[in-house]
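Going left to right, the sequence shown walks through residues 1 to 644 as full-length UniProt numbering numbers them.
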Amino acid sequence: MSTVEQQLDDLQAEITSELPSDISVSSVKYEGPELVVYTRDPKEFAQQGDLIRKLASKLRKRITVRPDPSVLSRPNEAREEIMQVIPEDAGVTDLDFHADTGEVVIEAEKPGMVIGRHGSTLRDITKNVGWTPEVVRTPPIESSTVSNVRSFLKQERDERRDILEKVGRQIHREEMSDDEYVRISTLGCCREVGRASFILSTPETRILVDCGDKPGAEGEVPYLHAPEAFGAGPETIDAVVLTHAHLDHSAFIPLLFKYGYDGPIYCTEPTRDMMGLLTLDYLDVAAKEGRTPPYDSERVREAIKHCIPLEYGDVTDIAPDVKLTLHNAGHILGSAVSHFHIGDGLYNVAFSGDIHYEDTRLFNGAVNDFPRVETLVLESTYGGRNDYQTDQADSEEKLKEVINETYEQGGKVVIPAFAVGRSQELMLVLEEAMREGDIPSMPVHLDGMIWEATAIHTTYPEYLRDDLRDRIFHDDENPFLADEFNHIDGGEEERQDVADGDSCIILSTSGMVTGGPIMSWLGHIGPDPDSTLVFVGYQAQGTLGRRIQNGWDEIPTSEVGAMGSDNSRGTLTLNMDVDTVDGFSGHADRAGLENFVKTMNPRPEKVLCVHGDERSAQDLSSALYHDYNMRTFAPKNLETFRFL
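Encoded structure:
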């Protein structure tokens, strides 16, 4: 008998000894980080609300209780009883029964009402019908991404359970080594922005943190074939942790499965969905530009199938000697600071991913409150000594001024914006400004992936800022559903109608004017001297956005639609005003990064400054060393640090 089988037998015996005599356990299994307990007495289990919590505390494991399939009532009968238990106001849109696991997935507009206070309604459902309820939100804005991910995972349930059982056995295997060390190897994003990737290793475990591309540098993949990584074989990687879905952190996650990786990806649920959206778009853009994509869409599906979603604050075993906890990073939807607790109190490492330390309209600021962190791996995108951003309130005032001036002269405001994060932040600013009368009410047209990304945001309001979440949860005042917002889904014909119409605001991808529908908008509206192009995000060197920002007003028609162009010269003349409004970045500036470290208690002993150009990383490293007397590093790629 394997050690895992023996462990499960021992756990079953221990659980049985803790239970009242009228509750039996038919089997126990590991599924990923969870211990699943099957019982022929689910109703009796549910009668004792604290029983699962007490077992989880005693065994120090995450426990899920499911009914043995042999005792399940018929779905039709169960459906009627469940609907009698759930308040009508919950807005149940679907019930999906899975007899193999005894679970019923309840999709509802208001999941909180299905869950009930401290889970009371869920317990009532199990008490009445025996089935184990799982609750998901009906997206307030229909999302093809969320719908496709849910349908795909439902279709792949059997294979996914096999994956989870295999992962569970890996996590709970017996430790083999008596050595003690903790190492981090840098595979990318050191003294550069992009292609984030690290290996965290112990004698027992190897974990890959992020695997992204480098914007504007085709083919620059993380050093995955280094001996510390896949050079030792894909089977030597125990787990992947994804901090967030931006492509400079996630683009090459699907590539891992092409190389033969077959293990889990830990991330938040919205990060999983956003990764699917952004990586599929990444393949689409590559194909349109005539490049050979590094993987196909099947690998994206494979990555989604291997995702194990975690909620903020849940301490989760991901290896025999490693526990992972994800915390809000304040950067984009579902972004996470990843805290690793190694051994039995041996050592603690936190990877910041990308962070925003102050609250924004969209998110609470990044969490930096951990029991212990000996080493912090910290982004330094804006770590340079002069990298201080404009206060967001001032930025919002300037944006409103630009909009009012443009409206008064009868023009249109065109804002190139990133689909994920900045667009939703701007939507909240514009919705409030119109509601408060600070700017006139006018249509706000959303083009590119912005509408779909917004739909994903509304599916997961629990990841948004407290007061925004409350508006969506309780007051039926979802600001993203404001009447002014219009999804551009009619292509060129609709764009032409907008261009010929009255004053309006247009948010369109891509944020750096490197492709996408923004090119068409430049063709339609660029020649209009009464209109304004407003940059609200960073424009990287070499992008068309940076060139326009620097004063270019003659653009080759090969780059944009030909509307309004001087075809004799093959150029489009930009007559519209060009303005820049700083302060809407999703990254902490220099002050925010220093405050993130300064307010940590206790502070880390060592800090690795990464994800910034050479100057930014070295400036931040030097400042933290001088100000807080901690050991700091600005590592290069392919370095390995031993911490123990």
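From the three backbone atoms N, C-alpha and C, an ideal C-beta is built for every residue, glycine too. Keep in mind the model is a prediction, meaning the values are calculated, not measured.
Distance from residue 495 to residue 520 at the Cβ level is roughly 6 Å; contact confirmed, criterion being Cβ atoms closer than 8 Å. Looking at the DSSP output, residue 319 bridges to 322. Residue state for residue 108 is assigned as strand, using DSSP reduced to three classes.
Around the CB of residue 261, 16 or more other CB atoms lie within 10 Å, so the residue is classed as buried. For residue 8 against residue 59, the beta-carbon gap comes to about 12 Å, at or over 8 Å, which does not count as contact. Taking one beta carbon from each stretch, the stretch 576-583 and the stretch 391-404 have 3 or more pairs nearer than 8 Å; the two touch.
DSSP, read as helix, strand or coil, puts residue 595 in helix. Residue 374 sits away from residue 610, with the two beta carbons spaced by 9 Å or more.
The residue from 95, 46 and 251 with its alpha-carbon nearest to that of residue 77 is 95. The DSSP-derived three-state label of residue 418 is coil.
Taking every protein chain shown into account, the CB of residue 84 has fewer than 16 other CB atoms within 10 angstroms, so this residue is exposed. From the listed residues 23, 340 and 228, the smallest Cα separation to residue 41 is found for 23. Checking the DSSP bridge columns, you'll see residue 188 partnered with 197.
The C-beta distance from residue 182 to residue 342 rounds to 6 Å, short enough to fall under 8 Å. Nearest to residue 268 by alpha-carbon distance, out of 325, 280 and 234, is 325. Under the 10 Å beta carbon count, residue 626 is surrounded by fewer than 16 other beta carbons and is classified as exposed.
Taking a contact to require three or more Cβ pairs closer than 8 Å, the stretch 272-287 and the stretch 142-158 qualify as touching. Cα atoms of residue 337 and residue 88: separation of roughly 38 Å, rounded to the nearest angstrom. Under the three-state reduction of DSSP output, residue 67 falls in the strand class. Bridge partners of residue 179 according to DSSP: none are assigned. Rounded to the nearest whole angstrom, the CA to CA distance from residue 469 to residue 364 is 11 Å. Judged by beta-carbon spacing, residue 362 lies within the 9 Å limit of residue 464, meaning their Cβ atoms are closer than that value. Every beta strand (DSSP E) stretch that sits fully inside the stretch 252-303 and reaches 3 residues is listed by chain position as 265-267. When C-alpha distances from residue 512 are compared across 295, 415, 371 and 107, the shortest belongs to 415. Shortest Cα-Cα distance from residue 391 to any of 236, 591, 223 and 624 involves 591. With fewer than 16 other CB atoms across the displayed protein chains lying within 10 angstroms of its CB, residue 6 is exposed.
Beyond the five residues adjoining it in sequence on each side, residue 543 comes within less than 6 Å, by CB distance, of 512 and 514 in the same chain, given in chain order. The C-alpha of residue 434 is placed about 11 Å away from the C-alpha of residue 479. Assigned with DSSP and collapsed to three states, residue 386 falls in coil, not helix or strand. Rounded to whole angstroms, the Cβ separation of residue 238 and residue 203 is 12 Å, and the two are not in contact under 8 Å. Less than 9 Å separates the beta-carbon of residue 223 from that of residue 188. Taking 9 Å as the cut-off, the Cβ atoms of residue 444 and residue 505 count as close.
Nearest C-alpha to residue 214 among 246, 617, 201 and 516: 246. Between the C-alpha atoms of residue 15 and residue 243 there is a straight-line separation of about 35 Å. The stretch 127-143 makes contact with the stretch 448-462, as at least three CB pairs between them are under 8 Å.
Counting every other CB atom within 10 Å of its CB across the protein chains shown gives residue 210 a total of 16 or more, marking it as buried.
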